[in-house]
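Note that the protein sequences, when read in sequence, are chains U and A.
Residue numbers for the first sequence, in the numbering used here: 1 to 85.
Residue numbers for the second sequence, in the numbering used here: 1001 to 1151.
Glycine included, C-beta positions come from ideal geometry on N, C-alpha and C.
What follows is a short report on a single structure.
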Amino acid sequence: MLTGNNIKVDSEAKAVVITVQSSFYPSEAIDMAADELSDICETEFDDDDGTITIRLKPKDGAPVEELGYEFLNHALACVKELGGQ
Amino acid sequence: MKVQNFEVDMKANAVMISINPKIYPLEVIYSAAYMFLDRAYAVIDGDPETEIIVQLKAKAKEDLEKMALEFHNELVNYAVYVVQAARTSEIRNAIVKKALAVAGDAEAADEDEQECECNDPVDDPLGISKPWTPESAKGLKIPEGLDADGK
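Below, the structure written as C-alpha cells:
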C-alpha cells in the first residue's frame, strides 16, 4: 500500500491541500505547526473521523507544494516536541 | 522472504519505505524520520496496525536508495535506544529518586537552619570560630618571651 498522494496542489486557488491521519499527526501537532507557519501562510484544518485535512494558502506566493511538505516536516517536529512519541 | 521494503521514485525524487509497526513502534519511526528533516521532506502514512509508509522526498539531489538504507539504520538505532531505555528505566528512576531525596534533605536542613534562632549551629563556648582582631586581644596576658608587638 504505497500511496504518497497526501499533498495535492490546487493551482487555481494557489493553495495546497494535505491529508494525514490523526493517528500519525495528532491535531495538537497540526495546530502547533499552523501556528509556527502563521507568518507565511493561512491555515485551515478539519479533523473528520481520524483524517485531518489541512488547507494552506501562502501569503507571499511561495511555491505551494513545497509549503505543504514543509508544513508536514514542522508537524513531525511538533509531534516529537509534544513528547511521548 | 521480503528483502527490499522500499520503492524509489526518481521522478518525484522520493523514496517510499514500508515499515512493519510490530517490529518498529511508531515512536521509533518518528525519531528516525526526524533525523532526515534537514535533507528531506518526511510524510508518514499507512495503517498504524499493519503497515506504516514513510515517504522521504529529498530536498536536493540525493542517492535515494542510500537514503532509504540510512533510514533503516536510524530505525535500528532508535529501536536499540528504546529497548535500552526500557531496560534501564528502573535504575534511572532509582537514581532520580535518590537525587531528589538528597536535594530534599538539603532543602530541609536549610529550612531548619533558617528556623533556628541561634546562628551558631556548633557549640563554641571559647569563641574559637570568631575571627581574631587586635581589639579583642587588648587586656590579654602577653606570653613570656614576647614583647607588646608580639615579637
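Near residue i, what residues of its chain come up, given a Cβ to Cβ distance below 7 Å and the 5 sequence neighbours on each side ignored?
i	result
Ala-29 (chain U)	Ala-75, Cys-78, Val-79, Leu-82
Counting only beta-carbon atoms, is residue i nearer than 8 Å to chain U?
i	result
Val-1043 (chain A)	yes
Ala-1033 (chain A)	yes
Lys-1057 (chain A)	yes
Tyr-1081 (chain A)	no
Leu-1126 (chain A)	no
Tyr-1024 (chain A)	no
Does residue i pass the burial test, meaning 16 or more other C-beta atoms within 10 Å, or should it be called exposed?
i	result
Ile-1095 (chain A)	exposed
Ser-38 (chain U)	exposed
Ser-1031 (chain A)	buried
Report the residue from the options whose alpha carbon sits nearest the alpha carbon of residue i.
i	options	result
Lys-99 (chain U)	U:Asn-6, U:Ala-13, U:Gln-21	Because chain U in this structure spans residues 1 to 85, residue 99 (chain U) falls outside the shown range and cannot be described.
Arg-1039 (chain A)	A:Pro-1025, A:Lys-1057, A:Gly-1046	A:Lys-1057
Pro-1048 (chain A)	A:Asn-1020, A:Arg-1092, A:Ala-1012	A:Asn-1020
Asn-1073 (chain A)	A:Ile-1091, A:Met-1035, A:Ala-1099	A:Met-1035
Lys-1066 (chain A)	A:Pro-1025, A:Lys-1138, A:Lys-1022, A:Ala-1014	A:Ala-1014
Leu-1064 (chain A)	A:Gly-1139, A:Tyr-1024, A:Ile-1091, A:Tyr-1041	A:Tyr-1041
Leu-1026 (chain A)	A:Gln-1004, A:Glu-1051, A:Lys-1011, A:Asp-1009	A:Glu-1051
Leu-62 (chain U)	U:Ile-40, U:Met-32, U:Phe-71, U:Arg-55	With the sequence shown as reference, residue 62 (chain U) is identified as Ala, and Leu is not the correct amino acid for it. Closest option to Ala-62 (chain U), Cα to Cα, is U:Ile-40.
Taking 8 Å as the CB-CB cut-off, is residue i touching chain A?
i	result
Lys-8 (chain U)	no
Gln-85 (chain U)	Here Gln-85 (chain U) scores only 48 on pLDDT, less than 50, and its place in the model is too uncertain to base an answer on.
Val-79 (chain U)	yes
Leu-37 (chain U)	no
Ser-27 (chain U)	no
Leu-72 (chain U)	yes
Would residue i and residue j be called neighbours here (beta carbons separated by less than 8 Å)?
i	j	result
Ser-22 (chain U)	Gly-68 (chain U)	no
Val-1028 (chain A)	Val-1102 (chain A)	no
Val-1054 (chain A)	Ala-1033 (chain A)	yes
Phe-1006 (chain A)	Ala-1099 (chain A)	no
Leu-1037 (chain A)	Asn-6 (chain U)	no
Thr-43 (chain U)	Val-17 (chain U)	no
Phe-24 (chain U)	Ala-34 (chain U)	no
Ile-1023 (chain A)	Phe-1071 (chain A)	no
Which residues in the same chain have their Cβ closer than 8 Å to the Cβ of residue i, if we skip the five residues on either side of it in sequence?
i	result
Ala-1060 (chain A)	Arg-1039
8 Å is my cut-off, CB to CB: does residue i come that close to chain D?
i	result
Phe-24 (chain U)	Judged by its chain identifiers, the structure shown contains no chain D, and its protein chains are U and A.
Under 6 Å Cβ to Cβ from residue i, same chain only, skipping five residues before and after it: list those, please.
i	result
Ile-1044 (chain A)	Val-1054
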